[in-house]
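Chemist: If you're matching positions, the sequence shown starts at 945 in this note's numbering and goes up one per residue. Note that beta-carbon positions come from the ideal geometry of N, C-alpha and C, so glycine has one too.
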Amino acid sequence: MKLRSTALALLALALAAPAASAQSAPLAGPPGTSLNKVLVIGTDGTRWDLVKAAMRSGKAPNLKRLKRLGFGKPTQLEYAPPTALTLSEVGWSSISSGVWPAKHGVFGFKFNMDPGQATKNGYLDFLTRIENTRPRTSTFLASDWSNIGLPKNGGPIFGSAMDARYALDTNVETLPAWNAGDEAVTVAASRYLRRGDPDAGFVYLGVVDETAHIVGSALPPYAESIATTDARIGRILDAIRARPTYPFEAWTVLVTTDHGQRPYDYPSVASHIGGTPLEETSFVFGAGPGLSRRSGHPKVVDIAPTVLHQLGIGVPASWKLDGRSLSAVRPPASAQAAVIKRGLLAHVALGVPHRASTVRLRLPAGVRLVRGSKVIVGANGHRVPFVLAGGRNVVARLGGLRLGSLTVASGPGSLSIAPGAKRAREVKVTLRAAGRRLGPLAIPLSGTR
945 MKLRSTALAL LALALAAPAA SAQSAPLAGP PGTSLNKVLV IGTDGTRWDL
995 VKAAMRSGKA PNLKRLKRLG FGKPTQLEYA PPTALTLSEV GWSSISSGVW
1045 PAKHGVFGFK FNMDPGQATK NGYLDFLTRI ENTRPRTSTF LASDWSNIGL
1095 PKNGGPIFGS AMDARYALDT NVETLPAWNA GDEAVTVAAS RYLRRGDPDA
1145 GFVYLGVVDE TAHIVGSALP PYAESIATTD ARIGRILDAI RARPTYPFEA
1195 WTVLVTTDHG QRPYDYPSVA SHIGGTPLEE TSFVFGAGPG LSRRSGHPKV
1245 VDIAPTVLHQ LGIGVPASWK LDGRSLSAVR PPASAQAAVI KRGLLAHVAL
1295 GVPHRASTVR LRLPAGVRLV RGSKVIVGAN GHRVPFVLAG GRNVVARLGG
1345 LRLGSLTVAS GPGSLSIAPG AKRAREVKVT LRAAGRRLGP LAIPLSGTR
């Protein structure tokens, strides 16, 4: 890459955002506390016109599926030079906080080195908002651009309040290095989503933007990087769908970019900085409760309030966010279980209605059904006629019913509670569908004293 002045050299260093050199520990965080869960995926510097072309040609099937399940729409950034530059520090500060540069104060004039990225004039990123509002919520971040998750270059844009962080350092500006960084992020996030229990997270992938800088967005490698990133997004979504508790959960997935690119057919550190239509065009994909083609005209500042809403967290007017939630429905997934007068009452609203042949509820050790006790099981509001109950187990035969909600109830005095079980913590619900065991879902149990 040829640079003609010291100023351009400094700009190159700032825009490079190269791939990882330092290793980060595997993601490991506390168990989640919500069945309503949200994941935001950011793909840096990605042109909407070429994303559309990739979806049409079958090279972006995962984004196309998200669009089919919810929506996928372009959106204009509401700033341009001389107000603010179309740089990553500006875009991700806006996306994370839910306000435009006029409020968060990151304008890009320090070329991705603005110290205000970490503070954003007090406008917190959505992971920090979640942790401040509901500290027991489990949050995570995975990124290979240091500004996102590390105290470098003015960051971290996403603060340090999250429970688990996989944040790689950056210092090598080559496509193999960036592909390696994105691959490491994808592997870390996929493993954690499959095996862990986070409630909300942000995953950043950067190779698309770097391909524009190193090659040019008008050349085939840039389109190939979009296809590669779509495949990585697909692996992350596959990990969510492979979760044993997935049917019980209501997942919202949002995908966005911070800016577009000029259609250069040559390398340039300044392929995005100005106010051309391609540079100013971002996009938002969304799938989850209440998200559909009728979600209006999304803006990138709508992402933060949407994340909060989907977790059931209200957005006070005093926060003065510029965005709004793209969903108006209440988070649908829930589970409660209680012992009342030595009788059981448990209710589960599934996030994903699922065809099930049987459902099993297992009581904690030391808690048993009294012989001859009557147990009623309801599915989708209707009583299930085939129920086997005894000991610690309640089993109902559903015959392939598309299950959306489940209620299990036994009358007063139907439970025998051993002295050592006074502090019993949870009951477990398991579904069996098409020979596959789903769950168990552990439901906190109250009232056993």
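1) Less than 8 Å between the CB atoms is what I'm expecting for Gly1042 and Gly1310, so what's the real figure, rounded?
2) I'd like to know if the segment 1202-1222 and the segment 1179-1191 are in contact, where contact means that at least 3 CB-CB pairs between them fall below 8 Å.
3) If distances are taken between C-alpha atoms only, which option among Asp1153, Ile1092, Val1339, Leu1350 comes closest to Thr1118?
4) Considering only residues of the segment 955-1032, which uninterrupted alpha helix (DSSP H) runs meet the minimum length of 4 residues and lie entirely inside it, listed in chain order?
5) Would the segment 980-987 count as touching the segment 1140-1156 if we require 3 or more Cβ pairs under 8 Å?
6) Please check the pair Met1106 and Leu1071, which I expect to be a contact at CB under 8 Å, by giving their CB distance rounded to whole angstroms.
7) Can you tell which of Ser1390, Leu1198, Leu1359 has its C-alpha closest to the C-alpha of Ala1281?
8) Does DSSP classify Gly1322 as helix, strand or coil?
9) Is the beta carbon of Ala1194 closer than 8 Å to that of Pro1142?
10) Could you work out which residue in Leu1345, Val1321, Arg1380 is closest to Thr1351 when comparing CA atoms only?
11) With H, G and I counted as helix, E and B as strand and the rest as coil, what does DSSP make of Val1159?
12) DSSP on Asn1337, reduced to helix/strand/coil?
13) Using the C-alpha atoms, what's the distance from Phe1055 back to Lys1264?
14) Between the segment 1319-1335 and the segment 1367-1381, do three or more beta carbon pairs fall short of 8 Å?
15) Less than 8 Å between the CB atoms is what I'm expecting for Pro1207 and Ser1161, so what's the real figure, rounded?
16) With three or more beta-carbon pairs closer than 8 Å as the criterion, would you say the segment 1081-1098 touches the segment 1055-1067?
17) Count the other C-beta atoms from every protein chain shown that fall within 10 angstroms of the C-beta of Ser968, then say buried if there are 16 or more, exposed otherwise.
18) Would you identify the three-state DSSP class for Thr1351, choosing helix, strand or coil?
19) Anyone know if the C-beta pair for Ser1087 and Val1116 falls short of 8 Å?
20) Terminal residues of the continuous beta strand (DSSP E) containing Thr1302?
21) Return the residue from the list Pro1384, Lys1011, Lys1064 that minimises the CA-CA distance to Leu1294.
22) CB-CB under 6 Å to Arg1109, same chain, minus the five flanking residues each way: which ones, in chain order?
23) Taking 7 Å as the limit between beta carbons, can you name the residues of its chain near Trp1044, skipping five residues before and five after?
24) Take Pro1249 as the anchor and find which of Phe1229, Leu1270, Leu1007 has the nearest alpha-carbon.
25) Nearest CA to the CA of Val1339: which residue from Leu1375, Pro1363, Val1314, Pro1025?
26) What are the start and end residues of the alpha helix (DSSP H) that includes Tyr1166?
27) Can you give, in chain order, each stretch of the alpha helix (DSSP H) that sits fully within the segment 1062-1099 and has at least 4 residues?
28) Where does Lys1372 fall in DSSP's three states?
Modeler: In brief:
1) For this step, residue 1042 is matched to residue 98 along the sequence shown. For this step, residue 1310 is matched to residue 366 along the sequence shown. The beta carbons of Gly1042 and Gly1310 sit about 47 Å from each other, so the pair does not count as a contact at 8 Å.
2) no
3) Here residue 1118 refers to the residue found at position 174 when the sequence shown is read from its first residue. Closest option to Thr1118, Cα to Cα, is Asp1153.
4) 992-1001, 1005-1013
5) yes
6) Sequence index remark: in the sequence shown, residue 1106 carries index 162 (1-based). Sequence index remark: in the sequence shown, residue 1071 carries index 127 (1-based). Going by Cβ atoms, the distance from Met1106 to Leu1071 rounds to 5 Å, so yes, they are a contact pair.
7) Start at 1 with the first residue of the sequence shown, and residue 1281 comes out as number 337. Nearest of Ser1390, Leu1198, Leu1359 to Ala1281, Cα basis: Ser1390.
8) Taking the first residue of the sequence shown as 1, we reach residue 1322 at position 378. In the structure shown, Gly1322 sits in a strand (DSSP, three-state: E or B).
9) As a working note, residue 1142 is residue 198 in the sequence shown. As a working note, residue 1194 is residue 250 in the sequence shown. Contact: no.
10) Taking the sequence shown and counting its residues from 1, one reaches residue 1351 at position 407. With respect to the C-alpha of Thr1351, the residue from Leu1345, Val1321, Arg1380 having the closest C-alpha is Val1321.
11) The residue you call residue 1159 lines up with position 215 of the sequence shown. DSSP places Val1159 in the coil class of the three-state scheme, outside both helix and strand.
12) As a position in the sequence shown, residue 1337 is number 393, starting the count at 1. Strand at Asn1337.
13) Locating residue 1264 in the sequence shown gives position 320, counting from the first residue. Locating residue 1055 in the sequence shown gives position 111, counting from the first residue. Going from the Cα of Lys1264 to the Cα of Phe1055 covers about 27 Å.
14) no
15) Indexing the sequence shown from 1 puts residue 1207 at position 263. Indexing the sequence shown from 1 puts residue 1161 at position 217. 6 Å between Cβ atoms; contact.
16) yes
17) As a working mapping, residue 968 is identified with position 24 in the sequence shown. Ser968 should be labelled buried.
18) Taking the sequence shown and counting its residues from 1, one reaches residue 1351 at position 407. Thr1351 falls in the strand class under three-state DSSP.
19) If you number the sequence shown from 1, residue 1087 lands on position 143. If you number the sequence shown from 1, residue 1116 lands on position 172. With contacts defined by Cβ atoms closer than 8 Å, Ser1087 and Val1116 do not form a contacting pair.
20) The residue labelled residue 1302 in the question sits at position 358 within the sequence shown. Thr1302 -> beta strand (DSSP E) spans 1287-1306.
21) Taking the first residue of the sequence shown as 1, we reach residue 1294 at position 350. When Pro1384, Lys1011, Lys1064 are compared, the shortest CA-CA separation from Leu1294 is found for Pro1384.
22) Taking the first residue of the sequence shown as 1, we reach residue 1109 at position 165. Excluding residues within five positions, the ones whose Cβ falls inside 6 Å are Leu1085, Gly1093.
23) Numbered from its first residue, the sequence shown carries residue 1044 at position 100. So the list reads Glu1022, Tyr1023, Ser1038, Val1245, Asp1266, once near-sequence residues are dropped.
24) In the sequence shown, the residue the question calls residue 1249 occupies position 305. Of the candidates Phe1229, Leu1270, Leu1007, the one whose C-alpha sits nearest the C-alpha of Pro1249 is Leu1270.
25) Locating residue 1339 in the sequence shown gives position 395, counting from the first residue. Of the listed residues, the one whose Cα sits closest to Val1339 is Leu1375.
26) Translated into positions along the sequence shown, residue 1166 becomes position 222. First-last of the alpha helix (DSSP H) with Tyr1166: 1164-1185.
27) 1070-1077, 1090-1093
28) Translated into positions along the sequence shown, residue 1372 becomes position 428. Strand.
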